[in-house]
Amino acid sequence: MLKLSNMNSLLKKLRVRWAMGTKTLSYSDEFLKRVYSIYLNHNKVIHFKNGYPVYSLSTPPLFSKPSANFFARILYRVLQNKPMPNLLSFAVNDVCNANCQHCSFFESVDDKTKKVLSLAEIKKMMKDAQDLGVSVVNLVGGEPLMRPDLCEVIKTINKDLSIAILFTNGWLLADRAKEISNAGLDGVYISLDSATPEIHDKKRGTEGLFAKALEGIAVAKKVGLTVGISCCVDENDYKKGELDRIIELAKTKGVHEVLVFDALPVGRYGNREDLLGHKKWVDEMIDHIKKYNTDDSYPGIIIYAYSTSHVAVGCSCGSNYLYITPYGEICPCDFYHRRFGSIREEPLYKIWEKMSSSEGFGSSKWGGCRVKEANTTENDSDLCNNCPSK
1 MLKLSNMNSL LKKLRVRWAM GTKTLSYSDE FLKRVYSIYL NHNKVIHFKN GYPVYSLSTP
61 PLFSKPSANF FARILYRVLQ NKPMPNLLSF AVNDVCNANC QHCSFFESVD DKTKKVLSLA
121 EIKKMMKDAQ DLGVSVVNLV GGEPLMRPDL CEVIKTINKD LSIAILFTNG WLLADRAKEI
181 SNAGLDGVYI SLDSATPEIH DKKRGTEGLF AKALEGIAVA KKVGLTVGIS CCVDENDYKK
241 GELDRIIELA KTKGVHEVLV FDALPVGRYG NREDLLGHKK WVDEMIDHIK KYNTDDSYPG
301 IIIYAYSTSH VAVGCSCGSN YLYITPYGEI CPCDFYHRRF GSIREEPLYK IWEKMSSSEG
361 FGSSKWGGCR VKEANTTEND SDLCNNCPSK
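Okay, so the sequence shown: first residue is 1 according to my numbering, each after it adds one.
Next up, the structure:
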């Protein structure tokens, strides 16, 4: 009987190994499909960067070292039972050559004597952020391409741990795409708020910006960057079909992703009460883009409102996301501007601990973006209004 029992045990082990050998690939594929479907609202590969499959500019390429860092940090977050930042947005400068209608940066800089972080300060800040677990670094502004030493800023990022993504209006992109790619940039989002040149230029307050943006897209693709379009739409834009036209333009230009922000009540839109709360048209938009995300001939479409909703990851500002102003001040995100400290005055990890343990932070908010709530800024006595224009 003992020998028979041992034989049965051996057979079970052999069957498990056989199952591992024959089922692992299909199981892994199904697991990844599920992970990306929840996180992005699609599971299609939009680009191959250096041989690694890219599902979105907002996630490290699968099987890359930053991807390993991303998944490892998820495990440690569970083991430590404490929030850890995955995404960092850093405003590299406070100057811009555009004058956008929805800008939430230049209208509210409260102290024009502040000094932008030096390269040495950035190097330390970036290491501290990566030590905390950051695997995606968004470089924003101002207009980041107007920073002369931007390539050196990109080089401060340890590429074994994080990918580097740039947000730009596109005016200088064609001129600088090759050098920033050589410096280690992984991808770039170019702002386009309309598929019609005149409308886009009017919204951005800069004649000729549309043409410059398209020129930048072409060069960025040529040098091998993962390329996305970032757009801001309101209900009127959506109802008039502007988003569909932007997506069709992105398809014709071979863009890999379209990131869609529904207009938020911040900056020059700060008095627009019609943008508060969650709107029916946003749900319609999320449902509308499914036809594009199930068609591989189109770029991936990421809806910001979906990402912050209860069916995805929720609003993650202050729980796995932070924003650093050009002056080293720490805020929960690009759009929620409460100051929690400055890296010039105390270590980043202490500011992160203070922010992530404050009431209302530390875990994702399942009701959607925090800045859409009417009382978001009313309850904050110390606001940081230095926010990049997306």
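In this text, a Cβ means the ideal position worked out from N, Cα and C, and glycines have one as well.
- Restricted to the stretch 20 to 53, the beta strand (DSSP E) segments that are unbroken, complete and at least 3 residues in length are 47 to 49, listed in chain order.
- With the rule of 3 Cβ pairs closer than 8 Å, the stretch 327 to 336 does not count as touching the stretch 278 to 290.
- Note on ASN6: under 16 other CB atoms within 10 angstroms of its CB, so exposed under the neighbour-count rule.
- In the DSSP assignment, the residues bridged to LYS365 are CYS315.
- For the options SER37, ASN41 and PRO85, the alpha carbon positioned closest to that of ILE324 is the one of PRO85.
- 9 Å or more divides the Cβ of PRO299 from the Cβ of LYS372.
- By the CB criterion at 9 Å, LEU150 and ALA183 fall inside the cutoff.
- In this structure, TYR52 and TYR36 do not form a Cβ contact; the two beta carbons are roughly 14 Å apart against a cut-off of 8 Å.
- Cβ atoms of VAL134 and LEU166 stay farther apart than 8 Å, at about 16 Å.
- Only residues of its own chain outside the window of five on either side were considered, and among them PRO332, CYS333, TYR336 and ARG370 have a CB closer than 7 Å to the CB of CYS317, listed in chain order.
- Per the Cβ contact rule, the stretch 276 to 286 is in contact with the stretch 232 to 241 (3 or more Cβ pairs under 8 Å).
- A Cβ-Cβ contact shorter than 9 Å links ALA129 with LEU348.
- Listed in chain order, the alpha helix (DSSP H) elements of length 4 or more contained wholly in the stretch 203 to 227 are 209 to 222.
- Closest option to ASN138, judged by alpha-carbon separation, among ASN97, VAL116, ILE190 and LYS178: ILE190.
- In this structure, DSSP gives ASN6 a helical state, which the three-state scheme calls helix.
- Annotation note: the stretch 276 to 336 contains the following uninterrupted alpha helix (DSSP H) runs of length 4 or greater, listed N- to C-terminal: 280 to 288, 290 to 293 and 304 to 307.
- One thing to note: ASN41 has its Cβ within 9 Å of the Cβ of ALA312.
- For SER191, the uninterrupted beta strand (DSSP E) segment begins and ends at 187 to 191.
- ASN93 is not a Cβ neighbour of GLU152, given a cutoff of 9 Å.
- Here ASN138 carries a strand assignment [DSSP, helix/strand/coil].
- Residue range 163 to 168 is occupied by the beta strand (DSSP E) that includes PHE167.
- Residue burial is scored here from C-beta neighbours: PHE361 has at least 16 other C-beta atoms within 10 angstroms and is therefore classed as buried.
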